[in-house]
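K.L.:
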Amino acid sequence: MDAVRDLRGRTRGELLEPDDDAYEAARGAYNALAIGRPACIFRPADVRDVVAGVRWAVDTGLRIGVRGGGHSVAGHSSPDGALLIDLSRWRGAEVDPAQRTALALAGSRLMDLDAATAAHGLAAPSGTFVDTGIGGLTLTGGISWILGTEGFACDALIGAQLVTMAGDVIEVDDRSDPELLWGLRGGGGNFGIATHLRYALTPVERMYGGALRFSGDGIRDVILRVLELEESAPDELVQAIVAWRAEDGSPRISVNFAWRGDPAAGAAAVRSLTSHPALYESDVKAMSWLQQQAQYEPIPFGLRQYWKGHLVGRADDSLADALVAAAAQASQSSFALVELIHGKAHRIPESSAAFGGRAAVANVTALAIWSDDAHDEHEIAWARHFAEAVAHLSLRGGGYLNYPELDQTAGRVAAAFPPATWDRLRQLKRRLDPANRLRFNANIPPADG
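Count along the sequence shown starting at 1, add 2, and that's the number in my numbering.
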């Protein structure tokens, strides 16, 4: 169409329309249930192209979606009827070892950031699946294996380059615009298109960890033991619980953990778990940061997925009961996940970041993953049932915004933040995106004018 030809004339990047041969492959979503069809897909060559794309979308009245790693379970990176600005090829990071900082392109995956920083014995708190895009993850929280000593990924964000909806390129840090930096630390992609992210890094010399797997009647006791351990755990220990159903139909529990530092101290920290009689398999070792980051196998693109859960303010026996029940009823590829939160993640002042889950003791989520559309109803019901079973533990009724459900409501997004934070974010949205063009995200509507 004429308007698209106009954008081609303004830019150097690749532009795909629905009739183009490469469109369907470029549109392919992480979640097969995300069926949005962008009006066109734009792969900008540089920041100048991003600016041109934004100004063109504003001129033509199109909304804008952004794809970094493309791992949005809710389909945010598959915006229906909008301009999709695809930054997935913008990968790489530059490290300043003297300043202990990294500047990463916003389409980078965790593996790109990790490889660049680990070459200098450094790391950024990020996530746990190496193929995840750093952009959405960082801007919306970020739970990593060094959460206890470093906080969330957004806490390490010290700067960003942003293309605004006015078509300006701005450098954001705590001197140029502290309010916007605060909003980027947890407010997601609501305020502009991040092209570069700057991180504060920390030395990580060695790790110790892996997976402890449990079966039988004792798994409920294992969960309670993990929760008890968490109450006094040192910052160096980060734990997660995975509940799933084995091929024989029995519920199983895996306790995945990471210890930052001396392996002997790490082994001592989890001795109450390794000595439990329900333990049937231990895959634990001393490792490098890159090995620790590779502990989880990536979930392939194109599967059918529905995730739902809560950031919980407390964890008790009812959580153990819900996990055991979910494991007994799960399909072969679905599982329930508890990512425990303590240490520095709790001690960083609330005022430093917009992220609304700092007071949570865990992120608790059902991850339904399957391939046959005949199982849609069953799998979605399983995930919703688990979320409902733990809802009484929720901080405010909202989930972790990096693990959003496909049918996430505006109320659930708002519940992810304290009311005062939500109001402040809406004011920031009004300043940066008053028309709410960037609405394919955990959307924060602009404050009323």
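Every residue, glycine too, gets a C-beta built ideally from N, C-alpha and C.
1. Leaving aside the five residues before and after THR13 along the sequence, list all residues of the same chain whose C-beta is less than 6 Å from its C-beta, in chain order.
2. Can you give me the start and stop residues for the alpha helix (DSSP H) that GLN295 sits inside?
3. Given this structure, state the Cα-to-Cα distance separating ARG306 from ILE37, to the nearest angstrom.
4. Using DSSP's beta-bridge definition, name the partner residues of LYS287.
5. Which residues mark the beginning and the end of the alpha helix (DSSP H) in which GLN307 is found?
6. Considering only residues of the same chain and omitting the five flanking positions on each side of ALA24, which have a CB-CB separation below 7 Å?
7. Is GLY123 closer than 8 Å to PRO205 when the C-beta atoms are compared?
8. In the DSSP output, what is HIS198 paired with across the bridge?
9. Could you pull out every residue in the same chain whose Cβ sits closer than 7 Å to the Cβ of ARG57, ignoring the five residues on either side in sequence?
10. Ignore the nearest five residues each way along the sequence and tell me which others in TYR298's own chain have a CB closer than 6 Å to its CB.
11. For the 8 Å Cβ check, are there 3 or more pairs between the segment 221-232 and the segment 311-327?
12. Select from TRP372, GLY188, ALA117 and VAL171 the residue whose C-alpha is nearest the C-alpha of TRP424.
13. State the start and end residues of the unbroken alpha helix (DSSP H) segment that holds GLY413.
14. Taking LEU369 as part of the alpha helix (DSSP H), name the residues at either end of that continuous run.
15. With respect to the alpha helix (DSSP H) encompassing GLU2, which residues constitute its N-terminal and C-terminal limits?
16. Given a cut-off of 8 Å on the beta-carbon distance, is the pair GLU233 and LEU342 in contact?
17. Need the endpoints of the alpha helix (DSSP H) that ILE382 sits in, please.
18. For the beta strand (DSSP E) that contains GLN101, what are its first and last residues?
19. Roughly how far, in whole angstroms, is the beta-carbon of VAL340 from the beta-carbon of ILE243, given that I think they are within contact range, below 8 Å?
20. Using only the alpha-carbon positions, how far apart do ARG29 and GLY70 sit?
21. Bridge partners for GLY67 per DSSP, in chain order?
22. Excluding the 5 residues flanking GLY143 on each side, which residues of the same chain have their C-beta closer than 7 Å to its C-beta?
23. Drop a sphere of 10 angstroms on the beta-carbon of GLN101, count the other beta-carbons inside from all chains shown, and report buried for 16 or more, exposed for fewer.
24. Is the segment 203-218 in contact with the segment 281-291, if contact means three or more CB pairs nearer than 8 Å?
25. Evaluate contact between the segment 421-438 and the segment 187-201, counting only Cβ atoms and requiring at least three cross-stretch pairs below 8 Å.
26. Ends of the alpha helix (DSSP H) at LEU430?
27. Which residue comes first and which comes last in the alpha helix (DSSP H) that contains SER252?
28. Using the Cβ count rule (16 or more neighbours within 10 Å means buried), how would you classify LYS310?
29. Buried or exposed: where does LYS287 fall if 16 or more other Cβ atoms within 10 Å of its Cβ makes it buried?
30. For the segment 106-119 against the segment 192-199, are there 3 or more C-beta pairs whose distance is under 8 Å?
31. So, do the segment 371-382 and the segment 342-354 have three or more beta carbon pairs nearer to each other than 8 Å?
32. Have a look at the DSSP bridge pairing and note the partners of ALA245.
33. What does a CB cutoff of less than 6 Å around ARG439 pick up in its chain, not counting 5 residues either side in sequence?
34. Can you say whether GLY11 is buried or exposed, counting buried as having 16 or more other CB atoms within 10 angstroms of its CB?
35. Measuring CA to CA, which of CYS42, ILE148, LEU86 and ALA248 is closest to ASP22?
36. Would you identify the three-state DSSP class for GLU407, choosing helix, strand or coil?
P.N.:
If we stick to the structure as given:
1. ASP51 and ALA54
2. 291-295
3. 11 Å
4. GLY211
5. Element bounds for GLN307: not the alpha helix (DSSP H) but the beta strand (DSSP E), 306-314.
6. LEU18
7. yes
8. LEU107 and GLN163
9. GLY169
10. THR130 and PHE131
11. yes
12. GLY188
13. 412-417
14. Run containing LEU369: none in the alpha helix (DSSP H); it sits in the beta strand (DSSP E), 364-372.
15. Here the chain covers residues 3 to 451 and nothing more, so residue 2 does not appear.
16. no
17. 378-391
18. Note, GLN101: premise wrong, no beta strand (DSSP E); not H, not E.
19. 4 Å
20. 13 Å
21. LEU86
22. PHE154, ALA155, CYS156, GLY188, PHE357, GLY359, TYR402, LEU403 and ASN404
23. exposed
24. yes
25. yes
26. 421-434
27. No alpha helix (DSSP H) contains SER252, which DSSP labels as neither H nor E.
28. buried
29. exposed
30. yes
31. no
32. ILE255 and ALA338
33. ARG65, ILE66 and MET167
34. exposed
35. CYS42
36. coil
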